[in-house]
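> From first to last, the protein sequence lines stand for chains A and B. Going by the working numbering, the first residue of the first sequence is number 1, and it counts up by one from there. Going by the working numbering, the first residue of the second sequence is number 1001, and it counts up by one from there. Each residue gets a CB set at the ideal place from its N, CA and C atoms; glycine is no exception. Take this structure, written in structure tokens, and hold onto it; I'll ask about it next.
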Amino acid sequence: MPEKLSFYIQRSSAFHSLNPLTKLGLVFAFIVIAYTSPFYWTATVIFGLGVLPLAFVGRVQREFLLAALRLLVPVTGFIFIMQSLFLPGGERELFHFWVFRVTVESVAQAYLTVSRIFVMISAFILFLLTTHPSALMTDLTRRGLPGTFAYVIISTLQIIPQMQSKAQTIIAAQRSRGMETGGSLANRVRALVPLVGPLVFGSLVEVEERAIAIEARGFTSRLKKTSLYEIADTRLDRGLRWFLLGLVVLSVAARVLAG
Amino acid sequence: MKLLNSIKKDFNTMTWVLIPVAIAINVVIGQIVMVLKLPVYLDSVGTMLVGVICGPWAGALTGALANTIWGLAIDPNALPWWPVALLIGFVTGWCARGGLFRNTWKVLITGFLVALVAAAASAVVNMLLIGGITASGSSLITVYLLQTGRSMIDAVLTTNFLVEPVDKISTALLAFAIIRGLSVRYLARFPRPENAAVEKNDLVALIIGALVFVVYVILVGSFFNIMFLWVGLAVSAILVLAVVLISVLKKA
Chain A
1 MPEKLSFYIQ
11 RSSAFHSLNP
21 LTKLGLVFAF
31 IVIAYTSPFY
41 WTATVIFGLG
51 VLPLAFVGRV
61 QREFLLAALR
71 LLVPVTGFIF
81 IMQSLFLPGG
91 ERELFHFWVF
101 RVTVESVAQA
111 YLTVSRIFVM
121 ISAFILFLLT
131 THPSALMTDL
141 TRRGLPGTFA
151 YVIISTLQII
161 PQMQSKAQTI
171 IAAQRSRGME
181 TGGSLANRVR
191 ALVPLVGPLV
201 FGSLVEVEER
211 AIAIEARGFT
221 SRLKKTSLYE
231 IADTRLDRGL
241 RWFLLGLVVL
251 SVAARVLAG
Chain B
1001 MKLLNSIKKD
1011 FNTMTWVLIP
1021 VAIAINVVIG
1031 QIVMVLKLPV
1041 YLDSVGTMLV
1051 GVICGPWAGA
1061 LTGALANTIW
1071 GLAIDPNALP
1081 WWPVALLIGF
1091 VTGWCARGGL
1101 FRNTWKVLIT
1111 GFLVALVAAA
1121 ASAVVNMLLI
1131 GGITASGSSL
1141 ITVYLLQTGR
1151 SMIDAVLTTN
1161 FLVEPVDKIS
1171 TALLAFAIIR
1181 GLSVRYLARF
1191 PRPENAAVEK
1201 NDLVALIIGA
1211 LVFVVYVILV
1221 GSFFNIMFLW
1231 VGLAVSAILV
1241 LAVVLISVLK
1251 KA
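Given below as structure tokens:
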């Protein structure tokens, strides 16, 4: 069985041992505050004093920085450059070259947007690095999320790598039979059907067998199911969640008051 | 109560098992398309598939979960776009329930309607969270339009209405090809197999399909003048009304 698809890094740290819901709440609190707060530097401060130190607390700083470098920096860098160059309006000109005119206002606006995106995505990366998907699902199911949702998410994470390796096999097989995957657009479009066909039909056939298998294990039973794993939910967790909720309310209130 | 029943109808065990496979299909076809360097994404084939054979609510759930899982496992940048994926699944299912997924021309119409909704929804997400210019290649069109003096919202909408139909119509056609390859016995185990019952092309569908093409040409015109965007949208609104009327009349 191929390894499950996830960012999760198993370490023992204070941040890892928080309840998954608390961590998820932290992520959403950071995002809401970053987007609603009326102060210009809020998102930067959240990243510098919230997300980044927490990555060190969770002892995943190396993986965190690598993931941010790979997933976040190219995207935000591109957005920052494009928005600085092309956001309309702005009075004070910073510099201009060729047909481009960069103003102080457009750079400021671009930085604000990018810092918010940075908080949003990096908070999720931190969450994913320190929380196992099964732990999150077990905890949410205990709190009343229907078990079918947990099934869908966990089994998708298992199926994707299986299908990816199947796709690799199919691509290799069709290439060895002389199918071209390069060249003109018409060529490449023609290659789509022999690649997608076997893959999709093969996996759809399995659906029926899997449905019978999980029916036989009481998937649709309405009785309360017990879990093999206990996920701790301490007083600290509950306190933190209320505290975060308070912060979010304050931030939204500040936004409303500031207009 | 009627709504609740309609939601319940979409979900049986086959649906719950199909959803993970459909999400995996989204991801893997998306990656195959990247290998082949095609100028489309085709990353919602599975979502549309569920929308058609299980119903709009199952389609919506598949779309939302697909983006969540894409974000969880592959790239967190996909997370904020889940409302767009949700609407893609829902609109596909809704069109299919009205009989718009039974022959090639009707599927073309479905793809176009999905594209209109997806274009509007992704413009909203874009404006709220990213501020207009995203990191995807189509932003180059937005940037060009901004340089010609458009406002940001105009530029983003125009870009989306230009790019989405090509992608969503191809996606719908691919999903249709997959459904036609499945046996009737297999489809019958899903909640709404009647949506996928193939019928012959008829004249009305052909004409509407041609009209969709005309509307798209008008939308392309919006690249040059913003007036075309509103004209195109007005014509497509009339088109949607006409299609809905026709399907109601046919049922009566």
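Along chain B, which residues have their Cβ under 9 Å away from the Cβ of residue 157 of chain A?
Indexing the first sequence from 1 puts residue 157 of chain A at position 157. Within 9 Å Cβ-Cβ: 1020, 1069, 1072, 1073.
> Does the CB of residue 20 of chain A have a neighbour CB from chain B at under 8 Å?
The sequence position of residue 20 of chain A within the first sequence is 20, counting from 1. It does not: the Cβ of residue 20 of chain A has no partner Cβ on chain B nearer than 8 Å.
> Which residue or residues does DSSP assign as beta-bridge partners of residue 103 of chain A?
Counting from one through the first sequence, the residue named residue 103 of chain A turns up at place 103. Answer by DSSP bridge pairing, in chain order: A:93.
> So that I know if they touch, is there some Cβ in chain B lying closer than 8 Å to that of residue 64 of chain A?
Stepping through the first sequence from its first residue, residue 64 of chain A is reached at position 64. Chain B, which has no Cβ nearer than 8 Å to the Cβ of residue 64 of chain A, makes this no.
> Tell me which same chain residues have a C-beta within less than 7 Å of the C-beta of residue 15 of chain A, skipping the five on either side of it?
As a working mapping, residue 15 of chain A is identified with position 15 in the first sequence. 54, 57, 58, 130, listed in sequence order.
> Excluding sequence positions up to five away, which residues of its chain have a Cβ less than 8 Å from the Cβ of residue 29 of chain A?
What you label residue 29 of chain A is simply residue 29 of the first sequence in a count that begins at 1. Excluding residues within five positions, the ones whose Cβ falls inside 8 Å are 244, 245, 247, 248.
> Taking 8 Å as the CB-CB cut-off, is residue 133 of chain A touching chain B?
In the first sequence, residue 133 of chain A corresponds to position 133, counting from 1. Chain B, which has a Cβ nearer than 8 Å to the Cβ of residue 133 of chain A, makes this yes.
> Counting only runs of 4+ residues fully inside the region 1121-1194 of chain B, write out the alpha helix (DSSP H) ranges in chain order.
Here the runs fully enclosed are 1139-1147, 1152-1180, 1184-1187.
> Between residue 171 of chain A and residue 1035 of chain B, how many whole angstroms is the CB-CB distance? I'm expecting something under 8 Å.
Against the first sequence, residue 171 of chain A aligns to sequence position 171. Against the second sequence, residue 1035 of chain B aligns to sequence position 35. Right, their Cβ atoms sit about 7 Å apart.
> Can you pull the chain B neighbours of residue 148 of chain A, defined as C-beta to C-beta under 7 Å?
Locating residue 148 of chain A in the first sequence gives position 148, counting from the first residue. Result: 1016.
> Would you mind telling me which residues of chain B sit closer than 7 Å to residue 263 of chain A, beta carbon to beta carbon, in chain order?
Any property of residue 263 of chain A remains undetermined from this structure, which presents chain A solely from 1 to 259.
> For residue 1125 of chain B and residue 1076 of chain B, which I take to be in contact (beta-carbon distance under 8 Å), what is that distance rounded to the nearest angstrom?
On the second sequence, residue 1125 of chain B is found 125 positions in, with the first residue counted as 1. On the second sequence, residue 1076 of chain B is found 76 positions in, with the first residue counted as 1. Actually they do not touch by this definition, with Cβ atoms about 15 Å apart.
> Using a C-beta to C-beta distance shorter than 7 Å, which residues of chain B count as neighbours of residue 210 of chain A?
Here residue 210 of chain A refers to the residue found at position 210 when the first sequence is read from its first residue. What residue 210 of chain A touches in chain B: 1017.
> Mind checking if residue 6 of chain A is an interface residue toward chain B, Cβ cutoff 8 Å exclusive?
Counted from its first residue, the first sequence places residue 6 of chain A at position 6. Chain B contact via Cβ: present.
> List in chain order: all unbroken alpha helix (DSSP H) runs of 4+ residues lying wholly within the region 14-77 of chain A.
Here the runs fully enclosed are 20-36, 42-46, 52-57, 61-67.
> Just reading off the alpha helix (DSSP H) that residue 211 of chain A is part of, what are its end residues?
Indexing the first sequence from 1 puts residue 211 of chain A at position 211. From DSSP, the alpha helix (DSSP H) with residue 211 of chain A extends over 185-216.
> Using a 10 Å radius around the Cβ and a threshold of 16 neighbouring Cβ atoms, would you call residue 1150 of chain B buried or exposed?
Here residue 1150 of chain B refers to the residue found at position 150 of the second sequence. Residue 1150 of chain B is buried by the Cβ-count criterion.
> Measure the C-alpha to C-alpha separation of residue 1048 of chain B and residue 1088 of chain B and round it to an integer number of angstroms.
The count along the second sequence starts at 1 and reaches residue 1048 of chain B at position 48. The count along the second sequence starts at 1 and reaches residue 1088 of chain B at position 88. Answer to the nearest angstrom: the Cα atoms are 7 Å apart.
> Under 8 Å by Cβ, that's how I've got residue 199 of chain A and residue 174 of chain A pegged, so tell me the actual separation to the nearest angstrom.
By one-based count along the first sequence, residue 199 of chain A stands at place 199. By one-based count along the first sequence, residue 174 of chain A stands at place 174. That pair is no contact at about 11 Å.
> Once you ignore the five residues that flank residue 1244 of chain B on each side, which residues in its own chain have a CB closer than 8 Å to its CB?
As a working note, residue 1244 of chain B is residue 244 in the second sequence. Cβ within range, chain order: 1098.
> On a Cα-Cα basis, can you pick out the residue from A:65, A:202, A:162, A:111 that is closest to residue 7 of chain A?
Position 7 of the first sequence, counting from 1, holds the residue named residue 7 of chain A. Nearest option by C-alpha distance: A:65.
> Answer yes or no: do residue 1139 of chain B and residue 82 of chain A have a C-beta to C-beta separation smaller than 8 Å?
To locate residue 1139 of chain B, count along the second sequence from 1; it is residue 139. To locate residue 82 of chain A, count along the first sequence from 1; it is residue 82. Yes, the Cβ-Cβ distance between residue 1139 of chain B and residue 82 of chain A is below 8 Å.
> Against chain D, which members of the region 1162-1195 of chain B pass a CB distance test of less than 8 Å?
Here chain D cannot be found, since the structure's protein chains are A and B.
> Would you list, in sequence order, the uninterrupted alpha helix (DSSP H) runs of no fewer than 4 residues that lie entirely inside the region 1038-1071 of chain B?
If we require 4 residues or more, the alpha helix (DSSP H) runs fully inside the region 1038-1071 of chain B come out as 1045-1054.
> Under 8 Å, Cβ to Cβ, is there at least one residue of chain B near residue 175 of chain A?
For the purposes of this step, residue 175 of chain A is taken as residue 175 along the first sequence, with counting starting at 1. It does not: the Cβ of residue 175 of chain A has no partner Cβ on chain B nearer than 8 Å.
> Measuring CB to CB, does residue 1027 of chain B end up less than 8 Å from residue 1070 of chain B?
As a position in the second sequence, residue 1027 of chain B is number 27, starting the count at 1. As a position in the second sequence, residue 1070 of chain B is number 70, starting the count at 1. A contact, by the Cβ cut-off of 8 Å.
> Quick check on residue 1197 of chain B: buried or exposed, where buried means 16 or more other Cβ atoms within 10 Å of its Cβ?
Here residue 1197 of chain B refers to the residue found at position 197 of the second sequence. By the 10 Å Cβ count, residue 1197 of chain B comes out exposed.
> Kindly indicate which three-state DSSP category residue 1198 of chain B falls into: helix, strand or coil?
Against the second sequence, residue 1198 of chain B aligns to sequence position 198. Residue 1198 of chain B falls in the coil class under three-state DSSP.
> In its own chain, which residues sit with a C-beta less than 7 Å from the C-beta of residue 2 of chain A, not counting the 5 before and 5 after it?
Locating residue 2 of chain A in the first sequence gives position 2, where the first residue counts as 1. Note that residue 2 of chain A scores 40 on pLDDT, short of 50, meaning its location in the model is unreliable; the coordinates nonetheless yield the value given after this. Excluding residues within five positions, the ones whose Cβ falls inside 7 Å are 161, 162, 165.
> For residue 31 of chain A and residue 123 of chain A, which I take to be in contact (beta-carbon distance under 8 Å), what is that distance rounded to the nearest angstrom?
On the first sequence, position 31 is the one that residue 31 of chain A refers to. On the first sequence, position 123 is the one that residue 123 of chain A refers to. About 6 Å; that satisfies the 8 Å criterion.
> Check whether the region 1210-1225 of chain B and the region 1101-1119 of chain B touch, using three or more Cβ-Cβ pairs below 8 Å as the test.
Yes: at least three Cβ pairs fall under 8 Å.
> Would you list, in chain order, the members of the region 1035-1061 of chain B that have their beta-carbon closer than 7 Å to a beta-carbon of chain A?
Flagged, chain order: 1035, 1036, 1037, 1038.
> Return the residue from the list A:128, A:23, A:69 that minimises the CA-CA distance to residue 10 of chain A.
The residue you call residue 10 of chain A lines up with position 10 of the first sequence. Taking only the C-alpha atoms, the option nearest residue 10 of chain A is A:128.
> Residue 258 of chain A CB to nearest chain B CB: under 8 Å?
Residue mapping note: residue 258 of chain A aligns to position 258 of the first sequence, counting from 1. Taking Cβ atoms only, chain B never reaches closer than 8 Å to residue 258 of chain A, which makes this a no.
> Considering only the beta carbon of each residue, do residue 208 of chain A and residue 1192 of chain B sit closer than 8 Å?
Numbered from its first residue, the first sequence carries residue 208 of chain A at position 208. Numbered from its first residue, the second sequence carries residue 1192 of chain B at position 192. It is not a contact, given that the beta carbons lie outside the stated cut-off.
> Need the endpoints of the alpha helix (DSSP H) that residue 1094 of chain B sits in, please.
Here residue 1094 of chain B refers to the residue found at position 94 of the second sequence. Its alpha helix (DSSP H) spans residues 1082-1097.
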